[in-house]
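Undergrad: Have a look at this one before I ask anything.
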Amino acid sequence: MSRITMGGFPAVQSLPTRRLRSAWFEDYLRTLVTRDLTLLSAIRKLDDLPRLVQLLAARTAQELNVASLARDAGINGETLRSYLALLETIYLHVRLPAWSTNFTSRAKHHPKVHMVDTGLAANVLGLSAERLSTPTTQMAGPLFETLVVNELVRQQAWSEERVRLGHFRDREQREVDLIMEAGDGRVVAVEMKAARDVDETDFRWLAYLRDRLGDRFVNGIVIHLGERPLPFGDRLTALPVSAVWS
């Protein structure tokens with residue numbers, strides 16, 4: 003969980019205490035709001051933005067629901083859409099589009115929202131590594147998913163093979179956190195689990211995609227907090243999160 007709360011900004015890695023890291027994140031967000039966004043657009047109510055960032059952080063790794071977000075932020079939908087576009091322009095959050103193929107006619111088409119840095123998201127939400135490790139927290143899973151998605155997206159930026167990235171969810175609530183589809187149609191599907199133990203139930207929707215994609219399906223992976231890779235049948239593997247960076 004410490005990797006989540008540290009995030010990926012190089013300047014944060016050398017700061018020895020949570021208090022110093024928190025101050026850095028607050029200064030960073032203040033700079034975005036008062037300088038970068040002001041330069042990008044004549045926003046009339048800058049006071050809306052810190053609240054919006056907090057709401058986005060609480061929704062990381064969730065499908066974007068503009069109506070719900072606008073209601074909670076206390077702004078209208080049109081204004082919210084312009085704010086979201088600006089926040090995406092300055093790389094505060096990214097949208098992971100919905101993925102579908104010929105057998106997924108009942109797939110949903112809403113993008114997921116991911117905060118670009120989990121350290122910033124955790125700080126905005128007041129979450130420490132210790133708090134994220136408690137059984138009652140509801141943010142460990144979404145932040146862990148965002149951590150891994152962000153790293154895999156970053157790696158794709160310099161990979162020689164270009165892939166289409168997305169997430170899968172259909173109307174029967176079958177869902178997979180990340181789909182990576184190569185230009186020739188080959189698919190790797192990835193689930194994230196913020197726990198050390200993995201079992202067959204964690205692979206049910208990966209197996210669903212495998213059985214329907216056939217030879218197009220290369221591998222289904224569950225990334226977890228344990229230490230060892232484990233096979234789970236035909237083209238299904240559990241990998242420790244350390245493998246993402248190795």
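Under the numbering used here, the residues of the sequence shown are numbered 3 to 248, in order. A virtual CB, placed ideally from N, CA and C, is assigned to each residue, including glycine.
#1: Measure the alpha-carbon distance for R53 versus S70 and round it to whole angstroms.
#2: I need the DSSP call for G222, collapsed to helix, strand or coil.
#3: Using the beta-carbon count (16 or more within 10 Å), is D119 buried or exposed?
#4: Pick helix, strand or coil for F260, following the three-state DSSP scheme.
#5: If L211 sits next to V178, beta carbons under 8 Å apart, how far is it from one beta carbon to the other, in whole angstroms?
#6: State the Cα-Cα distance for the pair N125 and D213, rounded to the nearest angstrom.
#7: Run the CB neighbour count on E132, radius 10 Å, all protein chains shown included, and call it buried at 16 or more, exposed below.
#8: Nearest-angstrom Cα distance between E90 and E65?
#9: Is E183 buried or exposed, if buried means 16 or more other CB atoms sit within 10 Å of its CB?
#10: Just to check my reading of the structure: H226 and A197 have Cβ atoms closer than 8 Å, yes? What is that Cβ distance to the nearest angstrom?
#11: If you count every other CB in all the chains shown that lies within 10 Å of the CB of H249, and 16 or more means buried, which is it?
#12: Looking only at its own chain, which residues have a Cβ that is under 8 Å from the Cβ of A245, when we skip the five neighbours before and after it?
#13: With a cut-off of 8 Å, do at least 3 Cβ pairs link the segment 146 to 153 to the segment 26 to 38?
#14: Below 8 Å between beta carbons: does that hold for A59 and A123?
#15: Enumerate, from N- to C-terminal direction, the unbroken beta strand (DSSP E) stretches of 3 or more residues contained entirely within the segment 127 to 185.
#16: Count the other C-beta atoms from every protein chain shown that fall within 10 angstroms of the C-beta of H95, then say buried if there are 16 or more, exposed otherwise.
#17: Taking W247 as the reference, which of P113, L154, R20 has the closest Cα?
#18: DSSP on A240, reduced to helix/strand/coil?
#19: Thinking G185 and R218 are a contact (beta carbons under 8 Å), I'd like their distance in whole angstroms, please.
#20: DSSP beta-bridge partners for H95?
#21: Note the first and the last residue of the continuous alpha helix (DSSP H) segment covering A25.
TA: Quick look at the numbers:
#1: Taking the sequence shown and counting its residues from 1, the one referred to as residue 53 is at position 51. Taking the sequence shown and counting its residues from 1, the one referred to as residue 70 is at position 68. Their Cα atoms are separated by approximately 14 Å.
#2: Start at 1 with the first residue of the sequence shown, and residue 222 comes out as number 220. The answer is strand: DSSP assigns G222 an E or B state.
#3: Residue mapping note: residue 119 aligns to position 117 of the sequence shown, counting from 1. In this structure D119 is buried. Its beta-carbon is surrounded by 16 or more other beta-carbon atoms within 10 angstroms.
#4: Outside the shown range of the chain, which is 3 to 248, sits residue 260, and nothing can be said about it.
#5: Numbered from 1 along the sequence shown, position 209 holds the residue referred to as residue 211. Numbered from 1 along the sequence shown, position 176 holds the residue referred to as residue 178. Going by Cβ atoms, the distance from L211 to V178 rounds to 6 Å, so yes, they are a contact pair.
#6: Start at 1 with the first residue of the sequence shown, and residue 125 comes out as number 123. Start at 1 with the first residue of the sequence shown, and residue 213 comes out as number 211. So the two alpha carbons sit approximately 41 Å from each other.
#7: For the purposes of this step, residue 132 is identified with residue 130 of the sequence shown, where counting begins at 1. By the 10 Å Cβ count, E132 comes out exposed.
#8: One-based indexing of the sequence shown puts residue 90 at position 88. One-based indexing of the sequence shown puts residue 65 at position 63. The alpha-carbon atoms of E90 and E65 are separated by roughly 15 Å.
#9: Walking along the sequence shown from the start, residue 183 turns up at place 181. By the 10 Å Cβ count, E183 comes out buried.
#10: For the purposes of this step, residue 226 is taken as residue 224 along the sequence shown, with counting starting at 1. For the purposes of this step, residue 197 is taken as residue 195 along the sequence shown, with counting starting at 1. In this structure H226 touches A197 by the C-beta definition: roughly 6 Å separates them, less than 8 Å.
#11: In the structure as shown, the chain starts at 3 and stops at 248, and residue 249 therefore has no counterpart that could be examined.
#12: The count along the sequence shown starts at 1 and reaches residue 245 at position 243. Excluding positions up to five away in sequence, the list reads I225, P231.
#13: no
#14: In the sequence shown, the residue the question calls residue 59 occupies position 57. In the sequence shown, the residue the question calls residue 123 occupies position 121. Yes, these two residues count as a Cβ contact at 8 Å.
#15: 165 to 171, 177 to 184
#16: Reading the sequence shown from its first residue, position 93 is the one you call residue 95. Its Cβ being crowded by 16 or more others within 10 Å, H95 is buried.
#17: Start at 1 with the first residue of the sequence shown, and residue 247 comes out as number 245. It is L154.
#18: The residue given as residue 240 occupies position 238 in the sequence shown. Looking at A240 - three-state DSSP - the assignment turns out to be strand.
#19: Within the sequence shown, numbered from 1, the residue matching residue 185 stands at position 183. Within the sequence shown, numbered from 1, the residue matching residue 218 stands at position 216. The beta carbons of G185 and R218 sit about 12 Å from each other, so the pair does not count as a contact at 8 Å.
#20: For the purposes of this step, residue 95 is identified with residue 93 of the sequence shown, where counting begins at 1. Answer is M117.
#21: The residue labelled residue 25 in the question sits at position 23 within the sequence shown. Segment 20 to 33, the alpha helix (DSSP H) holding A25.
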